[in-house]
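Some notes on the structure that comes next.
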Amino acid sequence: MDPVPSISTAVRRETIRCVADAFDALIKIGTEADVSGWDFSWLAGRATEERPEWRYAVQLAERLGRASASLDIQTGGGEVLAEAAVFPPTAVATESWPPNIDKATRLLHPRGVAVVADADEPPLPFASEAFDLVTSRHPATVWWDEIARVLRPGGTYFAQHVGPASAFELIEFFLGPQPQARRGRHPDDEADAARAAGLEVVDLRTASLRIEINDVAAVVYLLRKVVWWVPGFTVEKYRDRLLDMHQQIERSGPFVAHSTRHLIEARRP
887 MDPVPSISTA
897 VRRETIRCVA
907 DAFDALIKIG
917 TEADVSGWDF
927 SWLAGRATEE
937 RPEWRYAVQL
947 AERLGRASAS
957 LDIQTGGGEV
967 LAEAAVFPPT
977 AVATESWPPN
987 IDKATRLLHP
997 RGVAVVADAD
1007 EPPLPFASEA
1017 FDLVTSRHPA
1027 TVWWDEIARV
1037 LRPGGTYFAQ
1047 HVGPASAFEL
1057 IEFFLGPQPQ
1067 ARRGRHPDDE
1077 ADAARAAGLE
1087 VVDLRTASLR
1097 IEINDVAAVV
1107 YLLRKVVWWV
1117 PGFTVEKYRD
1127 RLLDMHQQIE
1137 RSGPFVAHST
1147 RHLIEARRP
């Protein structure tokens, strides 16, 4: 006859079962969430991130109101651009990911902004000196020579970029130490590249911002959406690490990471 489990053993088994059920439920929520577009409002209550003090969307709207021809590169779902109250007579946005193209088209076309499918590789599909304002929020790649080419003399590139080692606490939790990648996107390097393309850097500001992640559903959502953080991410591939993070959050509270951002303004002489 099998021995009767002790009360403590039964309690441990029930605890393990409850943890597994809660983990599986959160994984399911994060897996089924819609990750199209560049709107992170789904994370409300699940994760928070500080915002830079310079209020990029507000400054962008003001500049769009003064421009005659604008280009927003890698617009995502168009959510940030759509916050502007007024657009110039010629307003264009580019995007490469089909779900984002569809979303940006629905959001921006009624506002008079043309959305152009573009592979985010040079050349930009526009004539030289076509725009007096080129903008971008969190571009994955920055082709400075092309930005300089499509800007008119006196025109401005105004953007908020992701900085070096952004969210690396989260990235390295899954990938391990990434010492060589930590230098990428450094604002000094980007300013040098802008100058090499013939632009004058007139403003460069940096910020480090606290991120708090409250559950593993938010982690799954983020890694499905920001696909370059953990390339090839799937729940199946990283299930053990996801469970480790779930248990860490349950034990110690929110997982804390830090994003880095820089605001850059560069002008074509």
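Number 1014 in the numbering used here belongs to position 128 of the sequence shown; there are no gaps in the numbering. By construction, the Cβ of each residue, glycine as well, lies at the ideal position given by its N, Cα and C atoms.
Legend entry - Coil, strand or helix - T1042 by DSSP: strand
Inset, instruction - Could you work out which residue in N986, A971, A1152, A908 is closest to P1073 when comparing CA atoms only? - result: A1152
Legend entry - Alpha-carbon spacing of R952 relative to L1095, whole angstroms: 30 Å
Legend entry - Contiguous alpha helix (DSSP H) assignments of at least 4 residues, all confined to the segment 1093-1127: 1102-1111
Legend entry - Rounded straight-line distance, which links the Cα of G1062 to that of V1102: 18 Å
Legend entry - Distance between V966 and S954 (C-alpha atoms, nearest Å): 19 Å
Legend entry - Neighbourhood of T917 by C-beta distance below 7 Å, restricted to the same chain and skipping five residues each side: V1106, V1121
Legend entry - Own chain, CB closer than 8 Å to W1029, minus 5 neighbours either side, in chain order: E1007, P1008, L1010
Legend entry - Among A1045, S1138, V1142, L1108, the one whose alpha carbon lies nearest that of I1176: Nothing about residue 1176 can be read from this structure; the chain reaches only from 887 to 1155.
Legend entry - the segment 989-998 contacting the segment 967-979, beta-carbon criterion three pairs below 8 Å: yes
Legend entry - Among L950, P1025, K1111, nearest to G1049 - alpha-carbon criterion: P1025
Legend entry - Whole-angstrom distance between P985 and P1155, CA atom to CA atom: 37 Å
Legend entry - Closest Cα partner of G1040 within the set A1077, A911, G1084: G1084
Inset, instruction - Evaluate Q1066 with the Cβ neighbour count: other Cβ atoms within 10 Å of its Cβ, from every protein chain shown; 16 or more gives buried, anything less gives exposed. - result: exposed
Legend entry - Pair within 7 Å by beta-carbon distance, A1104 and R937: no
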